[in-house]
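Everything below concerns the one structure shown next.
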């Protein structure tokens, strides 16, 4: 009995592929889930005696067999299973499988077509091959961690996506598919040595290959793509959320400036802006500054986008701001000074002719401050209304809940719900003829399909009964809901 009804679901890209996944933590379960999502029949071989809780939260589309590999009958059972499998995913520390008599030499001798995928942090050879580690250690050894972080701060410990999942689970799945394709030509399986250190290093090839172009010759947090640039950064909005800015190319940067300028400086009639302002200006005798009371409201493209009352005090002449009789940002204004800026004071315009060159590194810190002050004036929703439909490369930083409900993602059905109403990402990429059809059922209980799987792989009922009697396997049938 298969995990999906063949009559109800069209054949997927990996239909018919038999995969055994030895239960482990994060990376291997993702690898197995990717294969299952695209149609492979994935059996998760769980430990017996079983633990109280399954550690695999990526069990979608898999079935579970509980087997004690530490006992000779259990190891022998796995050897028989591997004889009928296409792929074995093995996530154990160096040497464990050899101690169990289940190393690649044994299993591939019995099944020369077997793809034996070994997924570890440091790989099967080298100084650290037998060492323990976690995502942060693998990213550190790859060199990538040295690039993550802000100026004058320690490297940031990233969420465990880079090594565990990108460099581990995803690249291991890619290696399996490459080996399967090669098998169609040679008829032979092979061993995959999937090291997470090497996986994340490989994914970072762009960083390595752009060093000679000057992309990374400045300290961490001061480069083009590591939050050093004002146009490649996140900014807090007035409601405590964030916007992500990625306006790298000059034409996109120009659109970013134009959109910000529209909001802050209220461009005249060509932009269909209705502007109302009441001003009161008077000098302060005590400080020598100007005191400006300003009541402002304006409408952009038929929408009220700003209204405020503010009292400002500033020097008549301020460094780094335009104090020309007529502001270049608003050329053609027929008044002394610029009515769109603070009369006699700093111009708030962002005309590119008035600003430093986009790649002027020395000006980036001040430009970041200016952008931060601008983004802090409006809510995330307001900024989305302004930037949606533009090529300014500005998007909201969304929470998981917001991402799942975002209009674009909903239009593409990018997230799915299982039968427990739990939301998760839809498998990617989307294939046109044979797309993934992920299981919407709950993840399997440990040992839920033990008997079913053993029968499929040629075990007799008597053999299964003996394994159960010897406590080599376990069953865990779910109770019916009455």
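Numbering (the UniProt record's numbering), first residue to last: 1 to 482. The beta carbon of each residue, even a glycine, is placed where N, CA and C say it ideally should be. This one's a predicted model, so the numbers in the text were calculated from it and none came from an experiment.
Going by other Cβ atoms of all chains shown within 10 Å of its Cβ, with 16 needed for buried, is residue i buried or exposed?
i: residue 178; result: exposed
i: residue 154; result: exposed
i: residue 474; result: buried
i: residue 211; result: exposed
i: residue 11; result: exposed
i: residue 233; result: buried
i: residue 43; result: buried
i: residue 110; result: exposed
i: residue 85; result: buried
i: residue 469; result: exposed
i: residue 57; result: exposed
i: residue 190; result: buried
i: residue 261; result: buried
i: residue 176; result: buried
i: residue 198; result: buried
i: residue 380; result: buried
i: residue 412; result: exposed
i: residue 117; result: buried
i: residue 120; result: buried
i: residue 226; result: buried
i: residue 460; result: exposed
i: residue 68; result: buried
i: residue 24; result: buried
Measuring alpha carbon to alpha carbon, tell me which of the options ends up nearest residue i.
i: residue 451; options: 364, 472, 435; result: 472
i: residue 99; options: 71, 123, 110, 82; result: 71
i: residue 196; options: 368, 144, 230; result: 144
i: residue 82; options: 469, 476, 457; result: 457
i: residue 251; options: 390, 193, 384, 111; result: 390
i: residue 135; options: 118, 119, 161, 445; result: 161
i: residue 375; options: 241, 35, 169; result: 241
i: residue 35; options: 113, 172, 78, 204; result: 172
i: residue 146; options: 47, 39, 218; result: 218
i: residue 257; options: 25, 93, 386; result: 386
i: residue 445; options: 392, 415, 125, 47; result: 47
i: residue 123; options: 392, 69, 116, 94; result: 94
i: residue 433; options: 24, 30, 38, 120; result: 38
i: residue 26; options: 75, 167, 157; result: 167
i: residue 361; options: 255, 372, 228, 425; result: 228
i: residue 423; options: 430, 429, 404, 108; result: 404
i: residue 540; options: 69, 243, 414; result: The structure shown does not extend to residue 540, since the chain is modelled only from 1 through 482, so no value can be given for it.
i: residue 163; options: 152, 151, 142; result: 142
i: residue 165; options: 112, 184, 130, 203; result: 203
i: residue 108; options: 187, 247, 151, 126; result: 187
Measure the CB-CB distance between residue i and residue j and report whether it falls below 9 Å.
i: residue 20; j: residue 89; result: yes
i: residue 467; j: residue 73; result: yes
i: residue 28; j: residue 91; result: yes
i: residue 394; j: residue 159; result: no
i: residue 66; j: residue 476; result: yes
i: residue 102; j: residue 79; result: yes
i: residue 425; j: residue 416; result: yes
i: residue 358; j: residue 235; result: no
i: residue 259; j: residue 392; result: yes
i: residue 180; j: residue 87; result: yes
Taking the C-alpha atoms as reference points, what is the distance between residue i and residue j?
i: residue 356; j: residue 363; result: 7 Å
i: residue 17; j: residue 41; result: 6 Å
i: residue 300; j: residue 436; result: Confidence at residue 300 is low in this model, with a pLDDT of 48, below 50, so its placement is unreliable and no value can be given for it.
i: residue 465; j: residue 128; result: 42 Å
i: residue 427; j: residue 366; result: 42 Å
i: residue 448; j: residue 420; result: 18 Å
i: residue 388; j: residue 377; result: 18 Å
i: residue 106; j: residue 249; result: 55 Å
i: residue 60; j: residue 33; result: 6 Å
i: residue 305; j: residue 63; result: Here the model assigns residue 305 a pLDDT of 46, short of 50, so the residue's position is not dependable, and the following value carries that caveat. The straight-line gap from Cα to Cα measures roughly 54 Å.
i: residue 483; j: residue 133; result: With the chain represented from 1 up to 482, any question about residue 483 goes unanswered, as that position is not in the structure.
i: residue 149; j: residue 139; result: 13 Å
i: residue 231; j: residue 440; result: 41 Å
i: residue 224; j: residue 454; result: 55 Å
i: residue 489; j: residue 201; result: An answer regarding residue 489 cannot be provided, because it is not within the stretch 1 to 482 covered by the chain.
i: residue 114; j: residue 174; result: 16 Å
i: residue 409; j: residue 222; result: 32 Å
i: residue 182; j: residue 207; result: 30 Å
i: residue 442; j: residue 31; result: 18 Å
i: residue 383; j: residue 431; result: 34 Å
i: residue 215; j: residue 478; result: 56 Å
i: residue 131; j: residue 369; result: 45 Å
i: residue 220; j: residue 209; result: 17 Å
Does residue i have its Cβ less than 9 Å from a Cβ in chain D?
i: residue 158; result: No chain D is part of this structure, which consists of one protein chain only.
Task: Unbroken stretches of the alpha helix (DSSP H), 4 residues or longer, contained in the region 155-230 - done: 171-186, 196-203, 205-209
- [ ] May I have a chain-ordered list of the beta strand (DSSP E) segments no shorter than 3 residues that lie completely inside the region 43-85?
- [x] 63-67
TODO: Would you list, in sequence order, the uninterrupted alpha helix (DSSP H) runs of no fewer than 4 residues that lie entirely inside the region 92-162?
DONE: 96-99, 104-110, 135-142
Open item on the list: Which complete beta strand (DSSP E) runs does the region 346-424 hold, if anything under 3 residues is left out?
Closed with: 394-396, 415-417
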